[in-house]
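A.B. asks: In the numbering used here, the protein residues as written are 14 to 391. C-beta: ideal position from N, C-alpha, C; glycine also.
1) Distance, Cα to Cα, residue 277 vs residue 308?
2) Determine the DSSP secondary structure at residue 109, reduced to helix, strand or coil.
3) Assess, as a yes-or-no matter, whether the region 212 to 231 is touched by the region 260 to 270 under the definition of 3 or more beta carbon pairs within less than 8 Å.
4) What runs of the alpha helix (DSSP H), each 4 residues or longer, lie entirely inside the region 193 to 239?
5) Tell me the DSSP secondary structure of residue 70 in three-state form.
6) Out of 185, 261 and 239, which one is the CA nearest neighbour of residue 153?
7) Which runs of the alpha helix (DSSP H) fall wholly inside the region 345 to 369 and span at least 4 residues, in chain order?
8) For residue 125, which residues of its own chain have a beta-carbon under 6 Å away from its beta-carbon, when the five flanking residues on both sides are left out?
9) DSSP beta-bridge partners for residue 80?
10) Return helix, strand or coil for residue 21, following the three-state DSSP convention.
11) Measuring only the C-alpha atoms, how far is residue 37 from residue 299?
12) Could you say which of 156, 118 and 214 lies nearest to residue 102 if we only look at CA atoms?
13) Assign residue 136 to buried or exposed, taking buried as 16 or more other Cβ atoms, counted over all protein chains shown, within 10 Å of its Cβ.
14) Hey, would you say residue 89 sits closer than 8 Å to residue 116, going by beta carbons?
15) Please confirm whether residue 240 and residue 252 have their CB atoms less than 8 Å apart.
16) With a threshold of 6 Å on Cβ separation, who are the neighbours of residue 31 within its own chain once the five nearest residues in sequence on each side are excluded?
17) How long is the line joining the alpha carbons of residue 339 and residue 372, rounded to whole angstroms?
18) In angstroms with no decimal places, state the Cα-to-Cα distance between residue 84 and residue 258.
19) From residue 386 to residue 287, what does the alpha carbon distance come to, in whole angstroms?
20) Terminal residues of the continuous beta strand (DSSP E) containing residue 307?
21) Give the DSSP bridge partners of residue 132, in chain order.
22) Return the first residue and the last residue of the alpha helix (DSSP H) that residue 241 is part of.
23) Using CA coordinates, which residue listed in 98, 362, 199 and 303 is at the minimum distance from residue 141?
24) Ignore the nearest five residues each way along the sequence and tell me which others in residue 279's own chain have a CB closer than 7 Å to its CB.
25) For residue 163, list the residues DSSP reports as bridge partners.
26) Given a threshold of 16 other Cβ atoms within 10 Å of its Cβ, counted over all protein chains shown, does residue 262 qualify as buried or as exposed?
27) How long is the line joining the alpha carbons of residue 164 and residue 346, rounded to whole angstroms?
28) Would the beta-carbon of residue 225 fall within 8 Å of that of residue 129?
29) Residue 47 and residue 254 - do their beta-carbons sit closer together than 8 Å?
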């Protein structure tokens, strides 16, 4: 598909060439079962272990603390349900935020239906989480906390490290999980500095393939598996590993240059803010401080998100109205921030990648100018 302007990179990213080449090579040459003892299997196992090494080196972990799953969603499910089941004899309370990704919020709802008590901490009006308020909700019954590092709709960076170390001061047996799907490969992450026992990530957010997720699990942390079978992934996630997808993930990791990409995307973000400020109908929903430049959430007052999305689509410009998992539903994140219904109904999420250019923002701006002049207001 040529000639498109893709500004929905928080939903998914275009696979990079190294990822595509690695996938093709694995399909052709490294197709053995990694559990097999002969050379075809050993070659696959060596490939997988190499990708573990590359990922672990990025986040300051040991390679035996890296596990592969079918998605970031599965990694979140495994982390939360696995931890809750492992610690349920010690307590039944979980603390999280009300603006987590649906794969965390719906998992917490599932756990509530199975006897766990979940406390949801709401954000401040600017979209950030107050660490002291979060930590104050932790008590002797709390066994698990989960807080995302970067919010997938606003780009707000949450104080995960402060929460993690504060939680463990109150209760040293607590397991701390962070959904880092929007942060991995974009922020410099060190597991020791972050203080988390469990971290989730996903390949297709960093120009890798869909269908492969990552779970970091500290060797000091024990959780229960969800999928049982042949004992792959050291018994934590049974099922034959997808060597081609892991190879693709490895290719995307090889292409990462966090500092260089951040400089480029920060320039894109600032340019977008400058251009869009000329539109009187636009208000910014993303925070101005402590935010990831990859995500810019705005509202175009007087126009419904869906109407704007289809208008932009007609110009081959692609953005979203919020989380791709919401399928057009209203944003729970913006609602939890206390924004008005009119403002949430007009929200657009613009999300950048290293592949975007200033001309993409120019085209978006011109299209929005035209939209506000020609479309019927709600």
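C.D. replies: Answer, in terms of the structure:
1) The residue given as residue 277 occupies position 264 in the chain shown. The residue given as residue 308 occupies position 295 in the chain shown. If I take the Cα positions, the gap works out to 13 Å.
2) Translated into positions along the chain shown, residue 109 becomes position 96. In the structure shown, residue 109 sits in a strand (DSSP, three-state: E or B).
3) Three or more pairs of CB atoms, one per stretch, sit closer than 8 Å, so the region 260 to 270 contacts the region 212 to 231.
4) 204 to 207
5) Here residue 70 is taken as the residue at index 57 of the chain shown, counted from 1. In this structure, residue 70 counts as helix in the three-state DSSP scheme.
6) In the chain shown, the residue the question calls residue 153 occupies position 140. Nearest to residue 153 by alpha-carbon distance, out of 185, 261 and 239, is 185.
7) 345 to 349 and 354 to 358
8) Counting from one through the chain shown, the residue named residue 125 turns up at place 112. Only 131 meet the Cβ criterion.
9) As a position in the chain shown, residue 80 is number 67, starting the count at 1. BP columns for residue 80 point to 228.
10) In the chain shown, residue 21 corresponds to position 8, counting from 1. In the structure shown, residue 21 sits in a strand (DSSP, three-state: E or B).
11) The residue given as residue 37 occupies position 24 in the chain shown. The residue given as residue 299 occupies position 286 in the chain shown. About 39 Å.
12) Along the chain shown, one-based indexing puts residue 102 at 89. The shortest Cα separation from residue 102 among 156, 118 and 214 belongs to 156.
13) Reading the chain shown from its first residue, position 123 is the one you call residue 136. The residue in question, residue 136, is buried, as its Cβ has 16 or more Cβ neighbours within 10 Å.
14) Taking the first residue of the chain shown as position 1, residue 89 is located at position 76. Taking the first residue of the chain shown as position 1, residue 116 is located at position 103. Contact flag set, yes.
15) What you label residue 240 is simply residue 227 of the chain shown in a count that begins at 1. What you label residue 252 is simply residue 239 of the chain shown in a count that begins at 1. With respect to the 8 Å criterion, residue 240 and residue 252 are classified as neighbours on the basis of their beta carbons.
16) In the chain shown, counting from the first residue as 1, residue 31 sits at position 18. Cβ within range, chain order: 264, 267 and 268.
17) Taking the first residue of the chain shown as 1, we reach residue 339 at position 326. Taking the first residue of the chain shown as 1, we reach residue 372 at position 359. For residue 339, the predicted model reports a pLDDT of 49, less than 50, meaning its position is unreliable; a value from the coordinates is still stated below. Looking at the two C-alpha atoms, the distance is approximately 29 Å.
18) For the purposes of this step, residue 84 is taken as the residue at position 71 of the chain shown. For the purposes of this step, residue 258 is taken as the residue at position 245 of the chain shown. If I take the Cα positions, the gap works out to 11 Å.
19) Within the chain shown, numbered from 1, the residue matching residue 386 stands at position 373. Within the chain shown, numbered from 1, the residue matching residue 287 stands at position 274. Straight-line Cα distance between these residues: approximately 20 Å.
20) Along the chain shown, one-based indexing puts residue 307 at 294. First-last for residue 307: undefined, no H or E at that position.
21) For the purposes of this step, residue 132 is identified with residue 119 of the chain shown, where counting begins at 1. DSSP, once it has assigned bridges, lists 108 as partnering residue 132.
22) To locate residue 241, count along the chain shown from 1; it is residue 228. Element bounds for residue 241: n/a, residue is neither H nor E.
23) Here residue 141 corresponds to residue number 128 of the chain shown, with the count starting at 1. When only C-alpha atoms are compared, the closest one is 303.
24) Residue 279 sits at position 266 when you count from the first residue of the chain shown. Counting only Cβ-Cβ distances below 7 Å, and skipping sequence neighbours, we find 306.
25) The residue you call residue 163 lines up with position 150 of the chain shown. According to the DSSP secondary-structure assignment, residue 163 is paired through a beta bridge with 170.
26) Residue numbering aside, residue 262 sits at position 249 when the chain shown is read from its first letter. Residue 262 comes out buried.
27) Position 151 of the chain shown, counting from 1, holds the residue named residue 164. Position 333 of the chain shown, counting from 1, holds the residue named residue 346. Near 9 Å, if we compare the C-alpha coordinates of residue 346 and residue 164.
28) Here residue 225 corresponds to residue number 212 of the chain shown, with the count starting at 1. Here residue 129 corresponds to residue number 116 of the chain shown, with the count starting at 1. No, they are not a contact pair.
29) Position 241 of the chain shown, counted from the first residue, corresponds to residue 254. Position 34 of the chain shown, counted from the first residue, corresponds to residue 47. Yes, the Cβ-Cβ distance between residue 254 and residue 47 is below 8 Å.
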